[in-house]
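Peer 1: Residue 62 in the numbering used here sits at position 56 of the sequence shown, and the numbers go up by one each step.
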Amino acid sequence: MGIERGCVVQEKTDSIKSTNLAQKQDIIRRLKKIEGQVKGLQRMVDNEKYCVDILIQVAAVRAAINKVGVMIFENHSRTCLEKAVQEKDQDEAIEELINVLAKFIK
Numbered sequence: 007m008g009i010e011r012g013c014v015v016q017e018k019t020d021s022i023k024s025t026n027l028a029q030k031q032d033i034i035r036r037l038k039k040i041e042g043q044v045k046g047l048q049r050m051v052d053n054e055k056y057c058v059d060i061l062i063q064v065a066a067v068r069a070a071i072n073k074v075g076v077m078i079f080e081n082h083s084r085t086c087l088e089k090a091v092q093e094k095d096q097d098e099a100i101e102e103l104i105n106v107l108a109k110f111i112k
């Protein structure tokens, strides 16, 4: 057993599939909204809108994508740590969480 993409598990079971259906639907809904916001930003640039208005929308997109990341990170942390405690792989799981958090907050 070792660290695989996703979690310290024997199989890749800690994926977005391990998220409950309501959470997954919420994440998909948010991503579709973000997609619409980005398309709106493209239109704003094409139409040469006021820079401040564009920057405000960029901030909104950034906040929205960060929220999705937090939701996925939270799900991963909960499922991964639960499995690690059960399988006695806490040190590897903690190391993975530290590494992914360092990448996430850049």
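Here a beta-carbon is modelled for each residue, glycine too, at the ideal position from N, C-alpha and C.
According to the Cβ coordinates, are residue 36 and residue 94 closer than 8 Å?
Peer 2: no
Peer 1: Taking only three categories from DSSP, how would you classify residue 38?
Peer 2: helix
Peer 1: Can you tell me whether residue 90 is buried or exposed, with buried defined as 16 or more other CB within 10 angstroms of its CB?
Peer 2: buried
Peer 1: By a C-beta neighbour count over all protein chains shown, 10 Å radius and 16 as the cutoff for buried, is residue 69 buried or exposed?
Peer 2: Within 10 angstroms of the beta-carbon of residue 69 lie fewer than 16 other beta-carbons, which makes it exposed.
Peer 1: Can you name, in chain order, every residue of its own chain whose Cβ lies under 7 Å from the Cβ of residue 54, other than the five neighbours on each side?
Peer 2: none
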